[in-house]
Amino acid sequence: MLNRPVASEPVADRRAGGVWSSFAFVSVLVCAVTLLVAYFNKARCAGAPFDEFGRSTIFDSVKDSTVCYSDIQFLWLGRDINEHVFPYLSGGITPDGALTGGAVEYPVLSGLFMWLGAVGANDDAAFLLHSALLLAPFALLTAYMLGRMGGRAALLWAAGPPLILYAFHNWELPVVCAAVGAAYTVTVMTRYSLRARAIAAAVLLGIGFCLKLYPGIFVLPLLLHVLVGEPEPGVDARSPRPFDVRGAFAVAGTALVTVAAINLPFALAGYEGWRASITFQQLRQADITTNSIWYWGLRPLFGSTPAAEATFQDVVSVASPLLIMVAFAVATWLGWRRFAVTGLYPWIGVSGAMLCGFLLFHKVHSPQYTLWLIPFLVLLEVPWTLVGAYLLADAAIGIGVFRYFYTLGSGHSAEVTENVVQFGVWGRAVLLVVFFFLFIRAKPRVRDSEAGGFERDPAPVLAYSAL
């Protein structure tokens with residue numbers, strides 16, 4: 021089993037490394053320009069004059085019609101961010117799900133970013149700017165890592181429409197960076213043993229969990245990858261090798277300890293405020309703002325009475341987590357079948373499939389979640405036609421849903437904009453099902469010819485492609 025540092029780096033590897041670094045450099049430069057466009061897109065909703073609370077007076081009148089709404093600017097009010105209250109240590113949640121005091125709806129590290137963005141800000145425009153400055157480096161680092169791993173395909177992240185639409189919509193960039201960093205650690209830093217790389221990646225996934233939860237689901241495929249190991253250089257991957265049980269447990273333990281170490285101080289200092297973020301998500305319902313298949317697909321089957329609405333929410337509260345867990349189990353099983361055939365566990369492909377299952381069946385499918393998916397479309401070889409179709413469906417949500425809200429509020433017919441939203445909802449859903457199966461069998465996008473014809477150690481690459 022390859023559980024030790026790679027012995028040496030050939031001259032050809034060093035030469036080709038420069039080619040990959042060039043891809044990364046270009047990706048970072050392009051990403052920087054895209055981030056400027058993304059900021060000015062959202063800043064259209066912000067600016068003087070401000071009301072007594074520091075809210076831009078134009079915000080409510082243009083946020084939907086001009087599609088410049090952002091959760092960042094919106095949450096300047098309502099979470100005591102404008103009062104510069106440190107999150108979680110005070111406050112709580114009411115029985116009907118309203119957060120009070122310093123409680124916010126996100127995990128603790130995202131709450132810290134919210135608080136830091138408000139330092140020195142006295143209005144929502146300054147809060148948006150400060151938050152953008154805090155978040156932008158994570159997008160640039162993500163662009164660099166994807167450039168190193170995915171070559172020119174990293175431009176999908178660096179220059180794609182999702183980054184313009186969502187870079188500063190919410191606090192997604194740090195968590196995407198943590199998830200990509202875990203993949204980068206395992207697949208690129210091959211001078212270290214697999215176990216060491218995976219433990220470091222588990223720390224990053226634990227940090228990601230404390231930002232937006234979803235990277236935590238990738239710990240399972242990662243530990244299975246460590247369990248079955250990587251082949252020795254020059255050895256057929258299908259050759260028998262012992263399982264690294266201790267390494268797998270180390271990965272799981274590291275992730276758990278990381279999450280506990282980050283959350284424990286907040287839980288001890290202000291349990292009610294800390295617990296409120298979890299309760300808020302548990303109480304959130306599938307409604308017109310969630311963009312999910314549950315609202316657009318299942319809700320019409322129920323009546324319009326309060327009792328019918330309650331029944332619908334009860335069904336979703338059971339069916340959603342159940343189907344998510346089934347999707348996780350199926351993805352893990354399909355990955356194990358690939359291991360039985362190839363001798364390698366495609367942990368990144370399985371992680372992507374699990375994310376698809378989560379996005380498909382969760383009761384909330386916010387537009388900015390597309391940023392979570394983009395790295396998998398960069399790293400894994402799926403048809404570009406499908407990628408383009410997904411971006412089109414995503415734009416129908418990311419742009420269309422706000423125009424839909426504007427049309428509803430203006431009293432005009434919303435038939436056209438509702439159809440656009442429906443196209444986005446069902447287009448994404450169908451493609452997520454397709455990606456679920458494609459990811460597990462997908463090859464890496466970058467071929468050896470793109471990297472100058474050099475021979476890399478195949479184990480880390482094959483470990484996520486299962487060639």
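First residue of the sequence shown? That's 21 in this note's numbering, and the numbers climb one at a time after it.
Even glycine gets a Cβ: it sits at the ideal position worked out from N, Cα and C.
Item, Value
"State the start and end residues of the unbroken alpha helix (DSSP H) segment that holds C197.", "193-208"
"With distance defined between alpha-carbon atoms, name the residue in L276, L193, F147, A152 nearest to L161.", "L193"
"Output the boundary residues of the alpha helix (DSSP H) element that contains N283.", "265-289"
"Under a three-way DSSP split, which group does G140 fall into?", "coil"
"Buried or exposed: which applies to A27, given that a residue is buried once 16 or more other Cβ atoms fall within 10 Å of its Cβ?", "Because the pLDDT at A27 is just 39, under 50, the model does not fix this residue reliably, and the point stays unresolved."
"Which of the three DSSP states, helix, strand or coil, is assigned to M21?", "Residue confidence for M21 is low, a pLDDT of 45 falling below 50, so the modelled location carries little weight and cannot support an answer."
"In three-state DSSP terms, what is P403?", "coil"
"Mind checking which residues open and close the alpha helix (DSSP H) that includes G372?", "367-381"
"Check the DSSP bridge columns for L119 and list the partner residues they point to.", "I113"
"Considering Cα atoms alone, identify which of G137, G112, A118, G180 is closest to V50.", "G180"
"Where does S433 sit, in a helix, a strand or coil, going by DSSP?", "coil"
"Would you call the region 381-401 in contact with the region 270-285, where contact means no fewer than 3 C-beta pairs closer than 8 Å?", "no"
"My output table needs one value for T322: the three-state DSSP class, helix, strand or coil.", "Before going further, note that residue 322 is Phe rather than Thr in the sequence given. Here F322 sits in coil by DSSP."
"Bridge partners of F70, per DSSP?", "S76"
"Nearest by alpha-carbon distance to A146: which of F269, W96, C230 is it?", "W96"
"Would you kindly check if the distance between the Cβ of F422 and the Cβ of D532 is under 8 Å?", "The question about residue 532 has no answer here: the residues shown for the chain are numbered 21 through 487."
"Does the beta-carbon distance from L176 to F300 come in below 8 Å?", "no"
"Give me, in chain order, the residues of the same chain whose beta-carbon lies closer than 6 Å to that of G228; leave out the 5 immediate sequence neighbours on both sides.", "V195, A198, A199, P235"
"What is the DSSP secondary structure of P127, counted as helix, strand or coil?", "coil"
"Count the C-beta pairs between the region 266-276 and the region 376-389 that are closer than 8 Å, then say yes if the count reaches three, no if not.", "no"
"Taking V223 and A272 to be in contact with their CB atoms under 8 Å, please state how far apart those CB atoms are, rounded to whole angstroms.", "That belief does not hold up - the Cβ atoms of V223 and A272 are roughly 12 Å apart, past 8 Å."
"With H, G and I counted as helix, E and B as strand and the rest as coil, what does DSSP make of P251?", "coil"
"In the structure shown, what three-state DSSP assignment does P260 receive?", "coil"
"If we count the other Cβ atoms within 10 Å of its Cβ and call it buried at 16 or more, is I237 buried or exposed?", "buried"
"Quick check on DSSP: helix, strand or coil for P464?", "strand"
"Where L214 and R168 are concerned, what is the direct C-alpha to C-alpha distance, given to the nearest angstrom?", "19 Å"
"Would you mind sorting A471 into buried or exposed? The rule is 16 or more other CB atoms within 10 Å of its CB.", "Confidence at A471 is low in this model, with a pLDDT of 34, below 50, so the placement of that residue should be treated as unreliable; the coordinate-derived value is given next. Its Cβ being crowded by 16 or more others within 10 Å, A471 is buried."
"Pull up the CB-CB distance for C153 and C230, whole angstroms please, since I reckon it's below 8 Å.", "First, the residue type needs correcting, since residue 153 is Leu and not Cys in the sequence shown. Not confirmed; about 22 Å, so no contact."
"For F158 and A58, which I take to be in contact (beta-carbon distance under 8 Å), what is that distance rounded to the nearest angstrom?", "Between A58 and F158 the Cβ distance is about 13 Å, and since that is not below 8 Å, they are no contact."
"Give a yes or no on whether the minimum CB-CB distance between L175 and chain B is below 8 Å.", "Chain labels in this structure do not include chain B; a single protein chain is all it has."
"Taking the alpha helix (DSSP H) that V223 falls in, what are its first and last residues?", "214-232"
"Could you tell me the distance, in whole angstroms, from the CA atom of L148 to the CA atom of T362?", "48 Å"
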